[in-house]
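Asker:
In UniProt numbering, the protein residues as written are 1 to 175.
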């Protein structure tokens with residue numbers, strides 16, 4: 001029990017140090033994705049890649065969707081929609097996953113998928129017939145439609161998922 005507590009504290013310490021390093025985190029994720037893409041290109045792990053794509057698209061939709069839905073009643077755990085104090089700001093769009101949690105999930109999924117490519121039973125040497133391409137094009141189409149739908153709701157609430165603020169003043173430097 002004490003050992004688990006120490007591991008949890010160490011993980012929290014490193015994640016607190018890593019949280020402000022936005023560019024370094026996503027560059028490392030890009031390098032990991034490139035490693036996975038090269039591994040898939042050389043060894044052809046279409047099943048693992050298909051399930052990785054489905055999993056990542058579902059978490060991307062959670063990252064881009066609002067925690068408060070207009071059709072559902074507001075849960076007690078949700079942050080308040082309207083400002084309570086005079087110093088509070090109005091933040092109507094609160095995502096299910098924040099950017100750091102989304103980054104951790106993407107890295108974990110890429111690491112697991114990369115390790116699954118080394119298991120020979122999961123990457124059979126079978127050619128991908130047109131059915132595999134139809135599944136891939138269908139997955140691209142449906143993921144694109146879901147992301148475009150979430151983009152419209154993000155425009156409605158003026159939500160920007162990534163923050164590119166000034167380190168000294170916290171000002172927004174977006175478009």
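Ideal placement from N, C-alpha and C gives every residue a C-beta, glycine not left out.
1) Give every residue of the same chain whose Cβ lies closer than 8 angstroms to the Cβ of residue 4, excluding the five residues on either side of it in the sequence, and list them in chain order.
2) Within 10 Å of its beta-carbon, does residue 187 have 16 or more other beta-carbons around it, so buried, or fewer, so exposed?
3) State buried or exposed for residue 8, treating a residue as buried only when at least 16 other CB atoms are found within 10 Å of its CB.
4) Work out the CA separation of residue 121 and residue 61 for me, nearest whole Å.
5) Can you give me the C-alpha to C-alpha distance between residue 63 and residue 106, rounded to a whole angstrom?
6) Assuming contact is defined by CB atoms lying nearer than 7 angstroms, are residue 67 and residue 96 in contact in what I supplied?
7) Apart from the five residues on each side of it in sequence, which residues of its chain come closer than 6 angstroms, Cβ to Cβ, to residue 39?
8) Would you list the one or two residues that DSSP bridges to residue 66?
9) Compare the Cα-Cα distances from residue 25 to each of 102, 144, 151 and report the closest residue.
Answerer: Reading it off the structure:
1) none
2) Only positions 1 to 175 of the chain appear in this structure, which leaves residue 187 out of reach.
3) exposed
4) 31 angstroms
5) 11 angstroms
6) yes
7) 117
8) 95
9) 102
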